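Those letters in the sequence shown? Residues 285 to 529, by this note's numbering. Cβ coordinates follow ideal geometry from the N, Cα and C atoms, glycine included. Source: prediction; values computed, not measured. Remarks on the structure that follows.
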Amino acid sequence: MGERLDKLLADTGRWSRRESKELIRQGRVTANGQRCKGPEEKYERECLDLRVDGAPVFAEKYTYLMLHKPGGLLSATQDRNQRTVLDLLPAELRRRELFPVGRLDKDTEGLLLLTNHGELAHQLLSPKWHVDKVYLAQVAGQLNQADVEAFEGGMTLGDGLVCLPAGLEPLADPSWGRVTLREGKFHQIKRMLAARGKPVVYLKRLSMGPLELDPELKPGEFRPLTEAEKGALLGCGGGQIPPLK
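This is how it looks when you write it as structure tokens:
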């Protein structure tokens, strides 16, 4: 059946429904190389070459952005008193109802996936799908083999929090290490390392499943996922995640 052309344009977040209709009436919109005649025309989103003034417009149902989260911002969609990661986006992207997949603490940096694909987000965060999240941590103290074994065995913290087995790899400088989790409970890495007497002084997420932080992205910068990255994420849920469009 397809969807109305004015709705496809409005769904990009760049124009309102009324503005979209006006663009079409002015003859500024083409679909698959043909000038569009009316806002009521219907098209399928998949493989649609949609352009305004000759510039491509991406009408996909879902949006996927890789953000290099800086410290000092909340991993939330909005907050009355503090800036959030969505404040880094232009207005047209904020109107697409994006949200962060998994929260990073305010002072934690690194990879953050922003999307409006709820089912994908759920499966990336669910421990049953075994989607590893890898972090770089610096602690006050030195990591050792006893810490590695404690992480591998699963930890029950003093407040009763039960943590699944996790990976810990001390680096050449033993105050630094790589932490691998398959869950993401509140302040989990900080609480686990604090329980070992080695509080975290710096934390950065490097990857989520097959998605790795682009080294070219500076803190505060973002970019759309590539087709290869989207395809890799699709396989994270054991083939259960619906197609990315």
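Reduced DSSP secondary structure (H/G/I, E/B, other) of residue i
{"i": "residue 249", "result": "The first residue shown for the chain is 285 and the last is 529, placing residue 249 beyond what the model contains."}
{"i": "residue 297", "result": "coil"}
{"i": "residue 394", "result": "strand"}
{"i": "residue 492", "result": "strand"}
{"i": "residue 287", "result": "strand"}
{"i": "residue 467", "result": "coil"}
{"i": "residue 487", "result": "strand"}
Cβ-based neighbour list, residue i, same chain, cut-off 6 Å, excluding 5 preceding and 5 following
{"i": "residue 427", "result": "454, 458 and 461"}
{"i": "residue 469", "result": "none"}
{"i": "residue 325", "result": "289"}
{"i": "residue 479", "result": "441"}
{"i": "residue 379", "result": "297"}
{"i": "residue 386", "result": "409 and 468"}
{"i": "residue 312", "result": "336 and 337"}
{"i": "residue 501", "result": "352"}
Whether residue i touches residue j by CB criterion (9 Å)
{"i": "residue 466", "j": "residue 390", "result": "no"}
{"i": "residue 451", "j": "residue 464", "result": "yes"}
{"i": "residue 392", "j": "residue 349", "result": "no"}
{"i": "residue 397", "j": "residue 408", "result": "yes"}
{"i": "residue 292", "j": "residue 339", "result": "no"}
{"i": "residue 485", "j": "residue 430", "result": "no"}
Same chain only: Cβ atoms within 8 Å of residue i, ignoring 5 sequence neighbours per side
{"i": "residue 491", "result": "395, 416, 417, 418 and 497"}
{"i": "residue 305", "result": "290 and 323"}
{"i": "residue 516", "result": "493, 494 and 495"}
{"i": "residue 437", "result": "449"}
Residue burial classification, residue i (beta-carbon count within 10 angstroms, cutoff 16)
{"i": "residue 359", "result": "buried"}
{"i": "residue 489", "result": "buried"}
{"i": "residue 331", "result": "exposed"}
{"i": "residue 371", "result": "exposed"}
{"i": "residue 446", "result": "exposed"}
{"i": "residue 421", "result": "buried"}
{"i": "residue 318", "result": "exposed"}
{"i": "residue 285", "result": "exposed"}
Cutoff 7 Å; reference residue i; Cβ partners in own chain excluding five residues on either side
{"i": "residue 354", "result": "393, 503 and 504"}
{"i": "residue 295", "result": "343"}
{"i": "residue 361", "result": "368, 370 and 383"}
Min CB distance residue i to chain B below 9 Å
{"i": "residue 422", "result": "The chain inventory of the structure shown lacks chain B, comprising one protein chain alone."}
Entirely enclosed beta strand (DSSP E) segments - the stretch 319-370, minimum 3 residues
Under the rule that a run must span 3 or more residues, the beta strand (DSSP E) segments found entirely inside the stretch 319-370 read 334-336, 339-341 and 348-353.
Beta strand (DSSP E) runs wholly inside the stretch 403-482, at least 3 long, in chain order
Fully enclosed beta strand (DSSP E) runs of 3 or longer: 417-423, 451-454 and 460-465.
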